[in-house]
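As structure tokens, the structure follows; a few thoughts come after it.
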């Protein structure tokens, strides 16, 4: 049944607050036992992508995508890599452009609707490795990228791509830009803007005279950032045009492989429109799960495996036959 009416996730004592769920993993979670092997590949526009692999020698590969200003070293990324390894999959963590610890070459960066890079990674993997089965796993922005990519591909999707699992997906970007601007989210917004400014300053050093951070103090929202940088750098008219073209929600009806969408009901970043009931009802390939708690990329769990719910849920879905 596409809509999973009863999620198995139960928040531990003290983790019923969405902000605790959201902040705790960033501040306190440490994931050991993941040894990445880095690989750099070129892109058609003269840039590069850094891929971090965690192989176990299997014929199945899970490609994992991070969220806004994340990277392969975040606890949720390493936790997922470790979990899919345990579940019988090689793991490949994609660092979006400029997120691998080194500025990318081009003026452009990455954004929520950029599916060309994940397509490039899949092409590279299928051309050079003997994988029989691929799965896609994404968090937040990375989840939106995956859902949009799958919808764009539709029935033309490569047969090796069997399943996908996504978590905390802002599938309506315009509405989510309003949510992140709410007073209750001001600390998250401030943190994102600080991190994004570092990216712009690194780009200023790499390509002097082509970009600047003048009057940054006037920037009060992610929409301001998207209007000034994301839209013009990536060929959109403005932030709203970027949101309309890049939101994954309009593409959900075309997804042709079994795909899990897990968005917590208390996610502080997601609008009501990010719970795609209608799309899941009309597309049997979509499986929507809405745990009562979980925050944004939280889903904290305490167990002998040191595995969060998002990780065990993804592996169970990918391995279900």
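Residue numbers (the numbering used here): 833 to 1153.
We put the beta carbon where it would ideally sit given N, CA and C, even for glycine.
Keep in mind the model is a prediction, meaning the values are calculated, not measured.
1. My assumption, with CB atoms under 8 Å, is that residue 1083 sits in contact with residue 984. Please give the rounded CB distance.
2. Work out the CA separation of residue 854 and residue 1100 for me, nearest whole Å.
3. Can you check the region 1056-1128 for any alpha helix (DSSP H) of at least 4 residues that lies completely inside it and give the ranges in chain order?
4. When you compare only the Cα positions, how much space is there between residue 935 and residue 951?
5. Between residue 1008 and residue 1115, what straight-line distance do the alpha-carbon atoms span, to the nearest angstrom?
6. Go ahead and label residue 1037 buried or exposed: buried means 16 or more other beta carbons lie within 10 angstroms of its beta carbon, across all protein chains shown.
7. State whether the region 1018-1030 contacts the region 991-1008, with contact taken as three or more CB pairs (one from each stretch) at a distance under 8 Å.
8. For the alpha helix (DSSP H) that contains residue 983, what are its first and last residues?
9. Assuming residue 1105 and residue 1004 are in contact, meaning their beta carbons sit under 8 Å apart, how far apart are those beta carbons, in whole angstroms?
10. For residue 1074, collect the residues of the same chain with a Cβ closer than 6 Å to its Cβ; drop the 5 residues on either side in sequence, then sort them by chain order.
11. Let me make sure I understand the geometry here. Which of 929, 917 and 850 has the alpha-carbon closest to that of residue 875?
12. For residue 1027, count neighbouring Cβ atoms within 10 angstroms of its own Cβ and tell me buried if that reaches 16, exposed if not.
13. Identify the residues that DSSP records as bridge partners of residue 814: which are they?
14. Name the residue from 921, 1053, 909 and 1107 whose alpha carbon lies nearest to the alpha carbon of residue 863.
15. Assign residue 900 to one of two classes, buried (16 or more other C-beta atoms within 10 Å of its C-beta) or exposed (fewer than that).
16. How would you label residue 792, buried or exposed, when you count the other beta carbons within 10 angstroms and need 16 or more for buried?
17. Would you kindly report the start and end of the unbroken beta strand (DSSP E) that includes residue 993?
18. Any idea what DSSP makes of residue 941, helix, strand or coil?
19. Using 10 angstroms around the beta-carbon of residue 860, count the other beta-carbons present and answer buried if the total reaches 16, otherwise exposed.
20. Smallest Cα separation from residue 912: which of 937, 931, 885 and 933?
21. Within 10 Å of its beta-carbon, does residue 882 have 16 or more other beta-carbons around it, so buried, or fewer, so exposed?
22. Spatial neighbours of residue 931 within its chain, please: C-beta separation below 6 Å, excluding the five flanking residues on both sides.
23. In terms of DSSP beta bridges, what is residue 897 paired with?
24. Taking all protein chains shown into account, decide if residue 877 is buried (16 or more other Cβ within 10 angstroms of its Cβ) or exposed.
25. Here's the rule: buried if 16 or more other CB atoms are within 10 angstroms of the residue's CB, otherwise exposed. What is residue 1010?
26. Using the rule of at least 16 other Cβ atoms within 10 Å of the residue's Cβ for burial, across every protein chain shown, is residue 1143 buried or exposed?
27. Between the alpha carbons of residue 869 and residue 955, how many angstroms are there, rounded?
28. Below 6 Å CB to CB, which residues in the same chain sit around residue 986 once its five sequence neighbours on both sides are set aside?
29. Does the distance from the C-beta atom of residue 1120 to that of residue 834 stay below 8 Å?
30. What's the C-alpha gap between residue 1035 and residue 1117?
The answer reads as follows:
1. Looking up residue 1083 in the chain shown gives position 251. Looking up residue 984 in the chain shown gives position 152. At roughly 6 Å, the Cβ-Cβ gap stays under 8 Å, so residue 1083 and residue 984 are in contact.
2. Residue mapping note: residue 1100 aligns to position 268 of the chain shown, counting from 1. Residue mapping note: residue 854 aligns to position 22 of the chain shown, counting from 1. Distance between the alpha carbons of residue 1100 and residue 854 is about 9 Å.
3. Whole alpha helix (DSSP H) segments, 4+ residues: 1071-1078 and 1109-1114.
4. Here the question's residue 935 lines up with position 103 in the chain shown. Here the question's residue 951 lines up with position 119 in the chain shown. Approximately 21 Å, taken between the alpha carbons.
5. Position 176 of the chain shown holds residue 1008. Position 283 of the chain shown holds residue 1115. Answer to the nearest angstrom: the Cα atoms are 23 Å apart.
6. Within the chain shown, the letter at position 205 stands for residue 1037. Per the 10 Å Cβ criterion, exposed.
7. Counting Cβ pairs under 8 Å, fewer than three are found: no touch.
8. Walking along the chain shown from the start, residue 983 turns up at place 151. Run containing residue 983: 973-985, per the alpha helix (DSSP H) assignment.
9. The residue labelled residue 1105 in the question sits at position 273 within the chain shown. The residue labelled residue 1004 in the question sits at position 172 within the chain shown. About 4 Å; that satisfies the 8 Å criterion.
10. Counting from 1 along the chain shown, the entry for residue 1074 is found at position 242. Take residue 1074, set aside five residues on each side of it, and the residues of its chain with a beta-carbon closer than 6 Å to its own are 1058, 1062, 1063 and 1068, in chain order.
11. On the chain shown, residue 875 is found 43 positions in, with the first residue counted as 1. Closest option to residue 875, judged by alpha-carbon separation, among 929, 917 and 850: 929.
12. Translated into the one-based positions of the chain shown, residue 1027 becomes position 195. Residue 1027 comes out exposed.
13. Outside the shown range of the chain, which is 833 to 1153, sits residue 814, and nothing can be said about it.
14. Residue mapping note: residue 863 aligns to position 31 of the chain shown, counting from 1. Closest option to residue 863, Cα to Cα, is 909.
15. Here residue 900 refers to the residue found at position 68 when the chain shown is read from its first residue. Buried, since its Cβ has 16 or more Cβ neighbours within 10 Å.
16. There is simply no residue 792 to check, as the chain begins at 833 and stops at 1153 in what is shown.
17. To locate residue 993, count along the chain shown from 1; it is residue 161. Unbroken beta strand (DSSP E) run through residue 993: 993-999.
18. Stepping through the chain shown from its first residue, residue 941 is reached at position 109. Secondary structure of residue 941 (DSSP, three-state): coil.
19. For this step, residue 860 is matched to residue 28 along the chain shown. Exposed.
20. Working through the chain shown from its first residue, we reach residue 912 at position 80. Of the residues 937, 931, 885 and 933, the one whose Cα lies closest to the Cα of residue 912 is 885.
21. For the purposes of this step, residue 882 is identified with residue 50 of the chain shown, where counting begins at 1. By the neighbour-count rule (16 or more Cβ atoms within 10 Å), residue 882 is buried.
22. For this step, residue 931 is matched to residue 99 along the chain shown. Within the same chain, Cβ atoms closer than 6 Å to the Cβ of residue 931 are found at 903, the five residues on either side in sequence being excluded.
23. Along the chain shown, read from residue 1 onward, the residue named residue 897 stands at position 65. Paired residue(s): 926 and 970.
24. Locating residue 877 in the chain shown gives position 45, counting from the first residue. Counting the other CB atoms within 10 Å of its CB gives residue 877 a total below 16, which places it among the exposed residues.
25. One-based indexing of the chain shown puts residue 1010 at position 178. Classification for residue 1010: exposed.
26. Position 311 of the chain shown, counted from the first residue, corresponds to residue 1143. When all chains shown are included, residue 1143 counts as buried.
27. On the chain shown, position 37 is the one that residue 869 refers to. On the chain shown, position 123 is the one that residue 955 refers to. One Cα belongs to residue 869, the other to residue 955, and the distance between them is close to 19 Å.
28. Here residue 986 refers to the residue found at position 154 of the chain shown. So the qualifying residues of the chain are 1086 and 1088.
29. In the chain shown, residue 1120 corresponds to position 288, counting from 1. In the chain shown, residue 834 corresponds to position 2, counting from 1. In contact: residue 1120 and residue 834 (Cβ atoms closer than 8 Å).
30. Position 203 of the chain shown, counted from the first residue, corresponds to residue 1035. Position 285 of the chain shown, counted from the first residue, corresponds to residue 1117. When rounded, the separation of the alpha-carbon atoms in residue 1035 and residue 1117 is 40 Å.
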